[in-house]
Amino acid sequence: MTITEVSKKFGLSADTLRYYERIGLIPPVPRTKSGIRDYGEESCAWIELMKCMRKSGVQIDALIEYVSLFQQGDSTLEARKTLLAEQRDQLLVRMNDMQASLDRLNQKIEHYEQGLMRVEKKLLGMKAARNGEEAVG
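Here's what the structure looks like:
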């Protein structure tokens, strides 16, 4: 596949694909005799993995480290486990932060709704008082 085809398939710009290759997130892409990048199944699998990991919030530096460890083989299994555990912990922290933000937002909404109910009661009371005056008058 050409860079244009891969770009369309994964929704990544050609610049992003070249950047991923330059910093080592995907293995070097072989070129045809005319110098055009020829993305094969392996390259596409790496691109898909990197896109999923980036979408889930994994930072570029962590991805570079992950790819480097992976390419070193089984001798770095413990390091890979540690890296993945750190990434999991980072995601958990982000999820907790998001939950705290959601809780604060829900509190604000509840406070706002309570204020609206007080105003509504006040307006209904004023309307009832006005109707009572008209009935007397």
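Going by this note's numbering, the first residue of the sequence shown is number 27, and it counts up by one from there.
Beta carbons: idealized from backbone N, C-alpha and C, even for Gly.
Apart from the five residues on each side of it in sequence, which residues of its chain come closer than 6 Å, Cβ to Cβ, to residue i?
i    : result
N157 : none
D129 : none
R80  : none
H137 : none
With burial defined as no fewer than 16 other Cβ atoms inside 10 Å of the residue's Cβ, what is the status of residue i: buried or exposed?
i    : result
Q133 : exposed
L89  : buried
E146 : exposed
Near residue i, what residues of its chain come up, given a Cβ to Cβ distance below 7 Å and the 5 sequence neighbours on each side ignored?
i    : result
R120 : G83
I49  : I90
Which same chain residues end up closer than 8 Å to residue i when comparing Cβ atoms and leaving out the 5 residues on each side of it in sequence?
i   : result
A40 : I29, T30, S33
On the three-pair Cβ rule with 8 Å, is the segment 109 to 126 touching the segment 64 to 78? No, they do not touch.
Scan the segment 45 to 96 and note each continuous beta strand (DSSP E) run of 3 residues or more that stays entirely inside, going in chain order. Taking only runs of at least 3 residues, no beta strand (DSSP E) segment lies wholly in the segment 45 to 96.
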